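Undergrad:
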Amino acid sequence: MDFFTALHVSGSGLSAERARVNIATSNLANAETTRTAAGGPYKRLDPVFEAVAMEVPQSGEPDGAMGVRVSQVAVDNTPGRRVYSPGHPDADPDGFVALPNVNPIHEVVNLMSASRAYEANASAVETIKTMAQRGLDIAR
Amino acid sequence: MRIFDETLTRVERSLDVRLQRHGVLAGNLANIDTPGYKQRDVDFVAAMGAALDGQGVSRTDARHFDAEGGALAVGVGGTTAGDAAPARVIEVGGSTPSLDGNGVDLDQTMAALAENGLQYGANARAASKKLGILRYVASDGNG
């Protein structure tokens, strides 16, 4: 274990939470999108996190600390809302428009949770920086 | 009275274990949204106990220095702390797991992280003081 392992762990947490924020904001931005490259309305995305064992740099043995990574971005296939709007260019013959399965409240809660988790990781980085400084101050 | 006693050995080991503990606690924070992840911690007491039990040297030859008496022998024993294996990491019961099976308790982890950092600072200061005493002695009290 060295100082950089702890920094890498917190760094992986920061980037995973940032990815989560990016995905939640994509979902929010596309809450009303009816056209996509794949056809049909936008389908909300969900990051899948996976714990990764950190290794001792020289020997490659696991050193007990666990980082995190986004192993996959899953597509949520639950059906979206259907709104009656016969004038819409993407309305079906019955006059219904298929809208994305994005629930803005869900996404905003997700955003807040990601932002708090990001803060927690940032605070761990501050702590390790203080510790490193204290270590360097020995025998000064 | 020995100058090079076990103080530095203990402090050194404690700094090592605190650093490792920080990595493990930071890992809990990094995995706060990972499904099925269980909160982990370092068994600090066991790690210190193992390090302190294993310290010191034993005489394997009658011509060796006496481990109890000589500063040299104790100094040699003190270097073992640097090579000590990483402390054992255990899964600890945090809060009730959430629906995705994640057991990380944010408050507990943040508190442990802060405590760990403060203890690290205290240990670093202890090492500093010990070295300061040695410096004072080595300079005939003029340091």
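Residue numbers (the working numbering), protein chains in the order written: chain E, 1 to 140; chain B, 1 to 143.
Cβ coordinates follow ideal geometry from the N, Cα and C atoms, glycine included.
Note that this is a predicted model, so its numbers are computed, not measured.
Closest by CA to E:Thr78, which one among E:Asn101, E:Pro62, E:Ser26, E:Thr33?
TA: Counted from its first residue, the first sequence places residue 78 of chain E at position 78. Minimum Cα distance to E:Thr78 is reached at E:Asn101.
Undergrad: Counting only the same chain and skipping the five closest in sequence on each side, list residues whose C-beta sits under 6 Å from that of B:Pro97.
TA: Taking the first residue of the second sequence as position 1, residue 97 of chain B is located at position 97. Taken in chain order, the residues that qualify are Gly103.
Undergrad: Does the region 25-39 of chain E come close enough to the region 3-13 of chain E to have 3 or more Cβ pairs within less than 8 Å?
TA: With a cut-off of 8 Å, the region 3-13 of chain E and the region 25-39 of chain E do not count as touching, because too few Cβ pairs lie within range.
Undergrad: Starting from E:Glu50, follow the beta strand (DSSP E) in both directions and report where the run begins and ends.
TA: Reading the first sequence from its first residue, position 50 is the one you call residue 50 of chain E. From DSSP, the beta strand (DSSP E) with E:Glu50 extends over 45-55.
Undergrad: Output needed in chain order: residues of the region 28-52 of chain B with a Cβ under 9 Å from some Cβ in chain E.
TA: Within the region 28-52 of chain B, the residues whose Cβ lies closer than 9 Å to some Cβ of chain E are Asn28, Leu29, Ala30, Asn31, Ile32, Asp33, Thr34, Pro35, Gly36, Tyr37, Arg40, Val42, listed in chain order.
Undergrad: Helix, strand or coil for B:Phe4 per DSSP?
TA: Counting from 1 along the second sequence, the entry for residue 4 of chain B is found at position 4. If DSSP states are grouped into helix, strand and coil, B:Phe4 belongs with coil.
Undergrad: Between the C-alpha atoms of E:Tyr84 and E:Val97, what's the straight-line distance to the nearest angstrom?
TA: As a first step, residue 84 of chain E must be located in the first sequence, where it is residue number 84. As a first step, residue 97 of chain E must be located in the first sequence, where it is residue number 97. Cα to Cα, the separation comes out at about 6 Å.
Undergrad: Using a C-beta cutoff of 9 Å, does E:Asp46 count as contacting chain B?
TA: Position 46 of the first sequence holds residue 46 of chain E. By this cut-off, E:Asp46 is not an interface position.
Undergrad: Under 9 Å between the Cβ atoms of E:Val70 and E:Arg116?
TA: Sequence index remark: in the first sequence, residue 70 of chain E carries index 70 (1-based). Sequence index remark: in the first sequence, residue 116 of chain E carries index 116 (1-based). No, they are not a contact pair.
Undergrad: Can you give me the start and stop residues for the alpha helix (DSSP H) that E:Ser115 sits inside?
TA: The count along the first sequence starts at 1 and reaches residue 115 of chain E at position 115. Its alpha helix (DSSP H) spans residues 104-137.
Undergrad: Does any CB atom of chain B fall closer than 9 Å to the CB of E:Glu50?
TA: Taking the first sequence and counting its residues from 1, one reaches residue 50 of chain E at position 50. Interface residue, yes.
Undergrad: So E:Tyr84 is in the beta strand (DSSP E); what residue range does that whole segment cover?
TA: For the purposes of this step, residue 84 of chain E is taken as the residue at position 84 of the first sequence. Here the beta strand (DSSP E) through E:Tyr84 covers 82-84.
Undergrad: Using DSSP with H/G/I as helix, E/B as strand and the rest coil, what is B:Arg125?
TA: Position 125 of the second sequence, counted from the first residue, corresponds to residue 125 of chain B. Reduced to three states, the DSSP call for B:Arg125 is helix.
Undergrad: Does the CB of B:Arg88 have a neighbour CB from chain E at under 9 Å?
TA: On the second sequence, position 88 is the one that residue 88 of chain B refers to. Interface residue, yes.
Undergrad: Would you check if the distance between the CB atom of E:Val73 and the CB atom of E:Asp46 is smaller than 9 Å?
TA: Counting from one through the first sequence, the residue named residue 73 of chain E turns up at place 73. Counting from one through the first sequence, the residue named residue 46 of chain E turns up at place 46. For E:Val73 and E:Asp46, yes; Cβs fall inside 9 Å.
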